[in-house]
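Chains as they are written, first to last, in this note's numbering: chain C, 862 to 1101; chain H, 3 to 293.
Backbone N, C-alpha and C fix where the C-beta goes; we use that ideal spot for every residue, glycine too.
Model, not experiment: these values are computed from the prediction.
Right, one structure below, let's go through it.
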């Protein structure tokens, strides 16, 4: 398994740090949003439950368990995310790895995607899982997955290739060649006409516009007319 | 078809083909350049948005239930009790066992300072305003908390029990630190919140007269500031309306001048001197429109 390279700054940016706001109560001192050390017992219990579920192969349930802390908008959860991040990202890595081994590239991508959102940095595992998924997705989703893979691992040539091939007119060069063939047919027709080969010239005169028009239609047909769009299962976490 | 026509047909078709094969494709290629999808990560599908929103709600419920369970298993940890109560308040009464919430509030009440304030805030959030006010008043008495007496006013007003709120404020008054600047103001504001113009002075009877006088001066000052802000806002609204009206009138005037010029031009039958006359009339007309 390739572990993501965690960049502390990205970590700080991706996850709201503790301490901004303890929770105020009228006529009482504020409640500390996080305990003095570690995480609250229910948060630790949920992570332990996720680890247990993952060990027993219940990967989707394990993923749901670990994501609660990062989905809940309450100030207590927000304040404990940084402390829980090492354990949570390790568990997400295990879930993603096991899901990928089991051939569930969607679940693998969701787990790695959550890890990437929490940890920041680059995540080649996520890029690979997204590219595997994009092979089976409709074009607009495939492009979203390819571009997300490229963001997760900017050094991945496979992600760049997939992004480029989905982003550009794949029929441009065949279309251009056919248009050129049409122009060549016109030139050949003129030459044949000049040489007195009327039948050949007429055939080429007919072929020229047919080829040119076909090339243009092919080229127009290849122009991508869609925008990248996420599949329903991604992003795994709200992007902060 | 006569054999003599063949060269003409061939020539015409060659010409047409040349035009078709070169000019039209070039134009179309210009119109339809080889396209590519624009940059950007892309959009989030509606089903993904719905999933994220539902996930956030479900996670908040799971967090609150986990916090209740943790508070139950760690009854001596006051922070965990207070945290659970705060999460119950955040969610309202959705999805919680009433007995579990009741046990939590009992445990909080066992540590009255500051637990009672948490209990009161939670009861208020769950809609029991009268009960919340009573518990704030108890916190005020048991903890000597002026803030709790002030906090009782909101829920007791909602329960139509301003008399009890005022009694609580009166009882808490001796605990107010008169040496701290501004310390009296929240209490006096709380009295005012449960009073009207007629009975405010009577409700402040427990306050020393010089403090009451200062408070009325403060109220007058606040009123003047509010009046001034309102007057400034009204003035701004008026100026904006006048500017809008002037702009509208100017556009209307210019439009009329243009129409007059067009009408004038149409009667000129192409005579340049007449057109110049029309143009100058237009400029004179337009200069009178202002802006």
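Classified as buried, residue 284 of chain H has 16 or more neighbouring CB atoms from the shown chains inside 10 Å of its CB. DSSP, reduced to helix, strand and coil, places residue 1063 of chain C within a helical segment of the structure shown. With distances taken between CA atoms, residue 126 of chain H lies nearest to H:158 out of H:110, H:158 and H:170. It is roughly 12 Å from the alpha-carbon of residue 130 of chain H to the alpha-carbon of residue 94 of chain H. Identification of residues in the stretch 49–68 of chain H having a C-beta nearer than 7 Å to some C-beta of chain C yields 49, 50, 53, 54, 57, 58, 61, 62, 64, 65 and 68, given in sequence order. Within the same chain, and ignoring the five residues on either side of residue 1044 of chain C in sequence, the residues whose Cβ sits closer than 8 Å to its Cβ are 1069 and 1073.
Residues of chain H with a Cβ closer than 7 Å to the Cβ of residue 1008 of chain C are, in chain order, 43 and 44. Annotation for residue 892 of chain C: the continuous beta strand (DSSP E) segment containing it runs 889–892. Note on the stretch 1010–1035 of chain C: whole alpha helix (DSSP H) runs with a minimum of 4 residues are 1018–1028, in chain order. In the three-state reduction of the DSSP assignment, residue 1076 of chain C falls in the helix class, which pools H, G and I. The criterion of a C-beta distance shorter than 9 Å is not satisfied by residue 147 of chain H and residue 1089 of chain C. For residue 89 of chain H, the C-beta contacts it makes with chain C under 8 Å involve 935 and 937, in order along the chain. Distance from the CA atom of residue 167 of chain H to the CA atom of residue 49 of chain H, rounded to whole angstroms, is 50 Å. Just measuring C-alpha positions, the residue of C:926, C:1032, C:972 and C:1048 sitting nearest residue 1079 of chain C is C:1032.
Contact check for residue 930 of chain C against residue 941 of chain C passes: the beta carbons are separated by less than 9 Å.
Three or more beta-carbon pairs drawn from the stretch 982–996 of chain C and the stretch 959–973 of chain C are found closer than 8 Å, and the two stretches are therefore classed as touching. Just measuring C-alpha positions, the residue of H:61, H:122 and H:136 sitting nearest residue 169 of chain H is H:136.
Within its own chain, the residues whose Cβ lies closer than 6 Å to the Cβ of residue 956 of chain C, once the five positions on either side in sequence are excluded, are 915, 920, 923, 924 and 972, listed in chain order.
In the DSSP secondary-structure assignment, residue 938 of chain C is not bridged to any residue. Contacts with chain H (Cβ-Cβ distance below 9 Å) from the stretch 961–989 of chain C involve no residue at all. According to the DSSP assignment, residue 885 of chain C belongs to the beta strand (DSSP E) that extends over 884–886. Among the CB atoms of chain C, none fall inside 9 Å of the CB of residue 254 of chain H. Residue contact check for residue 82 of chain H against chain C: a CB pair falls below 9 Å. Taken atom to atom, the span from the alpha-carbon of residue 70 of chain H to that of residue 89 of chain H is near 9 Å. Within the DSSP bridge table, the entry for residue 45 of chain H names C:1090 as partners. Listed in chain order, the non-local C-beta contacts of residue 140 of chain H below 7 Å within the same chain comprise 118, local neighbours out to five positions each way being set aside. The residues 172 and 175, in chain order, have a CB closer than 6 Å to that of residue 208 of chain H in the same chain once the five nearest residues on each side in sequence are set aside.
Contact between residue 992 of chain C and residue 1010 of chain C holds, since their C-beta atoms are separated by about 5 Å, short of 8 Å.
Between residue 953 of chain C and residue 979 of chain C, the C-beta spacing is below 9 Å. A distance below 6 Å between beta-carbons, with the five flanking residues on each side excluded, links residue 121 of chain H to the following residues of its chain, in chain order: 107, 110, 111 and 137.
Within the DSSP secondary-structure output, residue 38 of chain H pairs in a beta bridge with C:1029. Interface annotation, residue 995 of chain C: not in contact with chain H, CB-CB separation never under 9 Å. Taking C-beta atoms as the reference points, residue 901 of chain C and residue 891 of chain C fail to come closer than 9 Å.
For residue 1093 of chain C, the chain H residues whose C-beta falls within less than 8 Å of its own C-beta are 47, 49, 50 and 53, listed in chain order.
Selection H:92, H:52, H:47 and H:103 evaluated against residue 72 of chain H yields H:103 as nearest (Cα-Cα). In the three-state DSSP reduction, residue 255 of chain H falls in the helix class (H, G or I).
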